[in-house]
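*Asks:*
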Amino acid sequence: MAGSMQRLMATAQNGLEVIRFGGLSHDVESSPFEVVERRRMYRLRHYFPDDTTPGRPVAVLVPPLMVNADIWDVNAEGGAVGILHNAGIDCWVVDFGSPAIEEGGWERDLADHVLAVDSAIDTVCEATGAGVHLMGYSQGGMFAYQTTAFRYGKGVSSIVTFGSPVDIVAGMPFGLPYGIASDVADFLADHVVTRLPITDSMVRIGFQMLDPVKTAKSRIDFLRQLHDREALLPKERQRRFLNNDGWVGYAGPAAADLLKQFVAHNRMMLGGFVIRDQPISLAELKCPILAFVGEVDDIGQPAAVRGIVRAAPNAEVYEATLLAGHFGLVAGSVATNHTWPMVRDWIGWVDGSSALPEQITPMAEHVDSNRPRTATTRVVHTAAALAEAGTGMGRALEGIAGNTVRGSLELAGEAARALPRLTRLGMIQPHTRISLGKLMAEQCKRAPLRECFLFDDRVHTNEAVDVRIDNVVRGLISVGIRPATRVGVVMETRPSALVTVAALSRLGAVAVLLAPGSELRSAIEQTGTKILISDPENLRHAAATGQRVLVLGGGDARGLDIPQGEDVIDLEQIDPAKVRLPAWYRPNPGRARELAFVLVTGTGNRLEIKYITNHRWALSAFGTATAADLDRRDTVYCLAPLHHSSGLLVSLGGAVAGGSRIALARSLDPARFAEEVHRYGVTVVTYTWTMLRDILDAQVFPVGHQHPIRLFIGSGMPAGLWRRTTEQFAPARVLEFYASIEGDVVLANVSGTKPGCKGRPVPGTARVELVAYDPVTEQIEVDESGFARRCADNEVGLLIGSASEGVDLSRGGLRGVFTAGDSWMPTENLFRRDSDGDYWLVDRTDTVIHTPRGPVYTQPIVDTLNDVTAVDMEVAYGLPVGDRTLAVAAVCVRGGFKLEPKDVSEAMRALDPRQRPDLVCVVDEIARSASYRPSTRAVQAAGRPQPGPDTWCYNAETESYEVLTESAGSELLG
185 MAGSMQRLMA TAQNGLEVIR FGGLSHDVES SPFEVVERRR MYRLRHYFPD
235 DTTPGRPVAV LVPPLMVNAD IWDVNAEGGA VGILHNAGID CWVVDFGSPA
285 IEEGGWERDL ADHVLAVDSA IDTVCEATGA GVHLMGYSQG GMFAYQTTAF
335 RYGKGVSSIV TFGSPVDIVA GMPFGLPYGI ASDVADFLAD HVVTRLPITD
385 SMVRIGFQML DPVKTAKSRI DFLRQLHDRE ALLPKERQRR FLNNDGWVGY
435 AGPAAADLLK QFVAHNRMML GGFVIRDQPI SLAELKCPIL AFVGEVDDIG
485 QPAAVRGIVR AAPNAEVYEA TLLAGHFGLV AGSVATNHTW PMVRDWIGWV
535 DGSSALPEQI TPMAEHVDSN RPRTATTRVV HTAAALAEAG TGMGRALEGI
585 AGNTVRGSLE LAGEAARALP RLTRLGMIQP HTRISLGKLM AEQCKRAPLR
635 ECFLFDDRVH TNEAVDVRID NVVRGLISVG IRPATRVGVV METRPSALVT
685 VAALSRLGAV AVLLAPGSEL RSAIEQTGTK ILISDPENLR HAAATGQRVL
735 VLGGGDARGL DIPQGEDVID LEQIDPAKVR LPAWYRPNPG RARELAFVLV
785 TGTGNRLEIK YITNHRWALS AFGTATAADL DRRDTVYCLA PLHHSSGLLV
835 SLGGAVAGGS RIALARSLDP ARFAEEVHRY GVTVVTYTWT MLRDILDAQV
885 FPVGHQHPIR LFIGSGMPAG LWRRTTEQFA PARVLEFYAS IEGDVVLANV
935 SGTKPGCKGR PVPGTARVEL VAYDPVTEQI EVDESGFARR CADNEVGLLI
985 GSASEGVDLS RGGLRGVFTA GDSWMPTENL FRRDSDGDYW LVDRTDTVIH
1035 TPRGPVYTQP IVDTLNDVTA VDMEVAYGLP VGDRTLAVAA VCVRGGFKLE
1085 PKDVSEAMRA LDPRQRPDLV CVVDEIARSA SYRPSTRAVQ AAGRPQPGPD
1135 TWCYNAETES YEVLTESAGS ELLG
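Using my numbering, the first residue of the sequence shown is number 185, and each one after it goes up by one.
Structural data, given as structure tokens:
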């Protein structure tokens, strides 16, 4: 009875103390420190300042935003700074303070904190003369990664993180589907956290709600032991820290940045997160990294934490796995007995004074797929008596169910993104106002601060780009440009080129896109161009045409080769504020039926002119965004130049229609490409023809090297190069497009499973048919009723597309093809359709080789040769010899490889004997056009094939290729 009364009295006494003072008084003291630097963003603590032992390793510890910096000392001698100091390590802590009491605290964004850590590292390095071991808990670890990448590793000896997620997609907290979490994060960032301050009490309650079981259990345990003061005192400081003292508020802009960049866009993993307009990637990390993984961590999910091994492919990454939750990694008995002793030994290993602990192992690139870890999982995990088999089966079922749900939700999300685009396409009428300028204005209105494009390691927002476009419009108006005026654009791929094209669209003028270095005079005459816009690099070439030239772009340190005058006007010198807009000006007046762009391809007398209406551009733009599933999480790397249809319609159009970031490349530089892919977080790369060959040959991305690319999109990639690309950049795939010169035909190989195939019609584009066609007479074949005959599967025919309303059929259109009164636009290409319904390009109508044995198609020859490993590039063409024409293929060989006649003989067995070339010759090189298309004309201009060991003729009897001898050459070539 007396014992019970004593217990009751002790409980009442201790409970009263907790109610009055918030907890039990204890003798545990904080470790001594002094604040050596005070800045607006942080205070820098130096622990145990009286210890001046020289030559000590230095550690800088960074807390997460919602947790007090005392987290590193919550267990005093058993905490981080206590254990590390006893091991002879000099400890410094970055204290961000509470936004509720710091000046401008609620206005802080993510970059403020990264720059604060950056400044603290500079201070510590200067004070100690040594590099630092940078450590961070939870988001503090994310800051450690980001800051080191921002500094390109300067002054950082190693990084140690505790429960710090990197790959959000791989490990959403509590197994939430990423698609839903991403959309919610975007909504919260745009509409909630920037308006609602997240106070310390909200943070505390939020964390407790994340793990209600553990919260309830700890409180029940505390109440049950309230009579035993001695049992409670060792953990009292930690309890008070978790229950009240340890939490600080979270600034709204910082929370918005976190949600936008690292949840919605997963840019810690992909790269391209932005710190003060500078794109950064964790691929910049090269120092050793140790990541602590909590097996039952619901916040820093193991799979998300392990993402660092893929995000930082240039660093040595290690892991230490502990049976602990998120908080237990840095505080409590597990941290005291395991975490901090391992950190001590890690520092010793990095500095070369001790061996690497056995518990620290290289992080594996591939781990088991992440499973949602809930309170139930934790209980199961701690109940060691449960049968292993039963637990394994339960987890397997849980994983299957979770993956199925997530897969279904992702598919639903993809459909939800595609439906509005297809709906908008379907609503476009000839009079509908739609244009590039209008879509960019809509983006600015919807998200002014969202990144629009990246160039030379700088980020430009939608708002900044929109202002620049409007300023250029004012400059154009001031020099007399009016709607419908055809204006030639001769510029390299750069921000000013993109802005110029958008400004012409906003004004309602027509942009005639001309390749730098091309035959400008002929192109100007054939397109009716009235005036040229050039960058400084192409000014002399443009001025040589005799046309009036406007100069735009070039940066601050620019100079003009030709002085300004009546025919050369520098638009950069015009003050847009002084330009009075005329009464006729209406921004973005372009209607769907109106001409928007003119593309010029080819050379000499074989110039091809493509007239692109606003409807045609929108068709390709929305079609690309739909087929490639582009959205705001993507960064599209524009390797394809804007003067090529792939650059204008696919790269720029798809990115704008999908709301994706655009990364502009100065030129095709493989080394720079490798850097910028990581730094910008590039997920989609655009190409033309053989462009990717240069990147593959440079081997800047070895097979298996981690990268963020998921898709290559473009047109003209040969089949063999396609296979090489998917092998080297696995698991990325290729999305090949085909777009007709006339009409609205757009095909896409969405599945990417048939290299060389052009795929099927993109939803919302013209309906297509394949009609029988005689390439000799160049006439469509008809049946007994007089209507065109549809081709059977694998029969070569002419591809035609349904004509849209208002199209002028007098420009080569067809009427009455299948029924009386129907209207179609023929393409310039011959195709075959396989039994699956996929279309394969066979040839152009004007490049079919007319041999005595019948027509020979060039594209199957090119595709077959490109599939030979030793072949670099190839072309096929007709060679007139007397009264007949020979089918000839020219190839150049990849460096380090050798091509034999037997290799060609074996490859050509895939073609019908009548479709095989008569001659195959090896040439030193094959020139390429500005769009990286192998030039047939250049090979023809170099002369006819000559007898010798590098020229092989086809022997129909043996069905093989043999060296062309002098005697055989005289007979064959005359």
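Ideal Cβ placement from N, Cα and C applies to all residues, glycine included.
Note that the structure is predicted; figures quoted are calculated from it, not measured.
Quick one: Cα of Glu635 to Cα of Arg845, how far?
*Replies:* The count along the sequence shown starts at 1 and reaches residue 635 at position 451. The count along the sequence shown starts at 1 and reaches residue 845 at position 661. Straight-line Cα distance between these residues: approximately 6 Å.
*Asks:* In whole angstroms, what is the alpha-carbon distance linking Ile897 and Ser680?
*Replies:* Residue mapping note: residue 897 aligns to position 713 of the sequence shown, counting from 1. Residue mapping note: residue 680 aligns to position 496 of the sequence shown, counting from 1. Ile897 and Ser680: Cα-Cα distance of roughly 24 Å.
*Asks:* Measuring straight from C-alpha to C-alpha, what distance separates Val1147 and Asn1139?
*Replies:* Translated into positions along the sequence shown, residue 1147 becomes position 963. Translated into positions along the sequence shown, residue 1139 becomes position 955. Approximately 10 Å between the Cα atoms of the pair.
*Asks:* Where do the ends of the alpha helix (DSSP H) carrying His522 lie?
*Replies:* The residue you call residue 522 lines up with position 338 of the sequence shown. That residue, His522, is in no alpha helix (DSSP H); it is neither H nor E in DSSP.
*Asks:* Just the C-alpha distance for Ala300 and Gly774, rounded to the nearest angstrom, thanks.
*Replies:* If you number the sequence shown from 1, residue 300 lands on position 116. If you number the sequence shown from 1, residue 774 lands on position 590. One C-alpha to the other measures close to 48 Å.
*Asks:* Does the count of Cβ pairs from the stretch 652-660 and the stretch 832-839 closer than 8 Å reach three?
*Replies:* With a cut-off of 8 Å, the stretch 832-839 and the stretch 652-660 do not count as touching, because too few Cβ pairs lie within range.
*Asks:* Whole-angstrom Cβ separation of Arg335 and Asp302, contact assumed at under 8 Å?
*Replies:* Numbered from 1 along the sequence shown, position 151 holds the residue referred to as residue 335. Numbered from 1 along the sequence shown, position 118 holds the residue referred to as residue 302. Right, their Cβ atoms sit about 6 Å apart.
*Asks:* Quick one: what does DSSP say Phe1002 is sitting in, helix, strand or coil?
*Replies:* Within the sequence shown, residue 1002 is the residue found at index 818, counting from 1. In the structure shown, Phe1002 sits in coil (DSSP, three-state: anything other than H, G, I, E or B).
*Asks:* Please state whether DSSP places Gly621 in a helix, a strand or coil.
*Replies:* Along the sequence shown, read from residue 1 onward, the residue named residue 621 stands at position 437. Note: Gly621 maps to helix in three-state DSSP.
*Asks:* Check whether the stretch 1086-1097 and the stretch 1107-1119 touch, using three or more Cβ-Cβ pairs below 8 Å as the test.
*Replies:* Touching, no, given that fewer than three Cβ pairs across the two stretches are closer than 8 Å.
*Asks:* Do you know offhand how far Ala686's Cα is from Lys622's?
*Replies:* Residue mapping note: residue 686 aligns to position 502 of the sequence shown, counting from 1. Residue mapping note: residue 622 aligns to position 438 of the sequence shown, counting from 1. Rounded to the nearest angstrom, the two C-alpha atoms are 9 Å apart.
*Asks:* Run through the stretch 439-464 for me and flag every whole beta strand (DSSP E) of 3 or more residues, listed as ranges in chain order.
*Replies:* Counting only runs of 3 or more, we get 457-459, 462-464.
*Asks:* Trp256: buried (16+ other C-beta within 10 angstroms of its C-beta) or exposed?
*Replies:* Locating residue 256 in the sequence shown gives position 72, counting from the first residue. The residue is buried, with at least 16 neighbouring Cβ atoms inside 10 Å.
*Asks:* So what's Gln710 in DSSP terms, helix, strand or just coil?
*Replies:* Locating residue 710 in the sequence shown gives position 526, counting from the first residue. The answer is helix: DSSP assigns Gln710 an H, G or I state.
*Asks:* Alpha carbon to alpha carbon, how far is Val1055 from Ile464?
*Replies:* In the sequence shown, residue 1055 corresponds to position 871, counting from 1. In the sequence shown, residue 464 corresponds to position 280, counting from 1. Approximately 38 Å between the Cα atoms of the pair.
*Asks:* Using the three-state DSSP reduction, which class does Ile483 fall into: helix, strand or coil?
*Replies:* Reading the sequence shown from its first residue, position 299 is the one you call residue 483. Note: Ile483 maps to coil in three-state DSSP.
*Asks:* Quick test of the definition: if touching needs 3 or more C-beta pairs under 8 Å, does the stretch 1035-1053 touch the stretch 899-906?
*Replies:* Yes, the stretch 1035-1053 is in contact with the stretch 899-906.
*Asks:* Between Ile352 and Phe446, how many whole angstroms is the CB-CB distance? I'm expecting something under 8 Å.
*Replies:* Along the sequence shown, one-based indexing puts residue 352 at 168. Along the sequence shown, one-based indexing puts residue 446 at 262. Indeed they touch by this definition, with Cβ atoms about 6 Å apart.
*Asks:* Along the alpha helix (DSSP H) that carries Arg1028, what are the first and last residues, could you check?
*Replies:* Residue numbering aside, residue 1028 sits at position 844 when the sequence shown is read from its first letter. Run containing Arg1028: none in the alpha helix (DSSP H); it sits in the beta strand (DSSP E), 1023-1028.
*Asks:* Let me confirm a value: Trp768 is counted as buried when at least 16 other C-beta atoms fall within 10 Å, else exposed. Which label applies?
*Replies:* Position 584 of the sequence shown, counting from 1, holds the residue named residue 768. With fewer than 16 Cβ atoms within 10 Å of its Cβ, Trp768 is classed as exposed.
*Asks:* Name the DSSP bridge partner or partners of Pro1010?
*Replies:* Translated into positions along the sequence shown, residue 1010 becomes position 826. DSSP output for Pro1010 lists Ile984 as bridge partner(s).
*Asks:* Taking the alpha carbon of Ser619 as the point to measure from, which residue in Arg777, Arg528, Ser986 has its own alpha carbon closest?
*Replies:* Here residue 619 corresponds to residue number 435 of the sequence shown, with the count starting at 1. Residue Arg777 is the option with its Cα nearest to Ser619.
*Asks:* Pro216 to Pro233, Cα distance in whole Å?
*Replies:* One-based indexing of the sequence shown puts residue 216 at position 32. One-based indexing of the sequence shown puts residue 233 at position 49. Cα to Cα, Pro216 sits roughly 8 Å from Pro233.
*Asks:* For Asp650, which three-state DSSP category applies?
*Replies:* Here residue 650 corresponds to residue number 466 of the sequence shown, with the count starting at 1. Note: Asp650 maps to helix in three-state DSSP.
*Asks:* Name the two residues that bound the continuous beta strand (DSSP E) containing Met319.
*Replies:* By one-based count along the sequence shown, residue 319 stands at place 135. Met319 -> beta strand (DSSP E) spans 316-321.
*Asks:* Judging by CA-CA distance, which residue of Asp1030, His862, Glu989 is the nearest neighbour of Gln613?
*Replies:* Working through the sequence shown from its first residue, we reach residue 613 at position 429. Ranking the options by Cα distance to Gln613, first place goes to Glu989.
*Asks:* So the beta strand (DSSP E) Cys1137 belongs to, where does it begin and stop?
*Replies:* In the sequence shown, residue 1137 corresponds to position 953, counting from 1. Note, Cys1137: beta strand (DSSP E), 1132-1139.
*Asks:* So what does DSSP say about Trp768, is it helix, strand or coil?
*Replies:* The count along the sequence shown starts at 1 and reaches residue 768 at position 584. Three-state DSSP puts Trp768 in coil, outside helix and strand.
*Asks:* Classify Cys275 as helix, strand or coil using the three-state DSSP reduction.
*Replies:* Indexing the sequence shown from 1 puts residue 275 at position 91. Correct three-state label for Cys275: strand.
*Asks:* Pick out whichever of Val514, Val242, Asp977 has its Cα sitting closest to the Cα of Asp535.
*Replies:* Your numbering for residue 535 matches position 351 in the sequence shown. For the residues Val514, Val242, Asp977, the minimum Cα distance to Asp535 belongs to Val242.
*Asks:* DSSP three-state call for Gln1166: helix, strand or coil?
*Replies:* Outside the displayed span of the chain (185 to 1158) sits residue 1166, for which this structure offers no information.
*Asks:* What distance in whole Å lies between the Cβ atoms of Leu318 and Val340, which are believed to be in contact at a cut-off of 8 Å?
*Replies:* Position 156 of the sequence shown, counted from the start, is the residue given in the question as residue 340. Position 134 of the sequence shown, counted from the start, is the residue given in the question as residue 318. Right, the Cβ-Cβ distance comes to about 5 Å (below 8 Å), so this counts as a contact.
*Asks:* Three or more C-beta pairs closer than 8 Å, one from the stretch 488-507 and one from the stretch 217-224: is that the case here?
*Replies:* The stretch 488-507, when compared against the stretch 217-224, does not touch it at the 8 Å Cβ threshold.
*Asks:* Taking Val265 as the reference, give the member of Leu249, Pro248, Val244, Met250 with the closest Cα.
*Replies:* For this step, residue 265 is matched to residue 81 along the sequence shown. Per the Cα distances, Val244.
*Asks:* Which partner residues of Met1057 appear in the DSSP bridge assignment?
*Replies:* Within the sequence shown, residue 1057 is the residue found at index 873, counting from 1. DSSP, once it has assigned bridges, lists Cys1076 as partnering Met1057.
*Asks:* Can you give the Cα-Cα distance for Val514 and Leu443, rounded to whole angstroms?
*Replies:* Translated into positions along the sequence shown, residue 514 becomes position 330. Translated into positions along the sequence shown, residue 443 becomes position 259. Spanning the two alpha carbons is a distance of roughly 24 Å.
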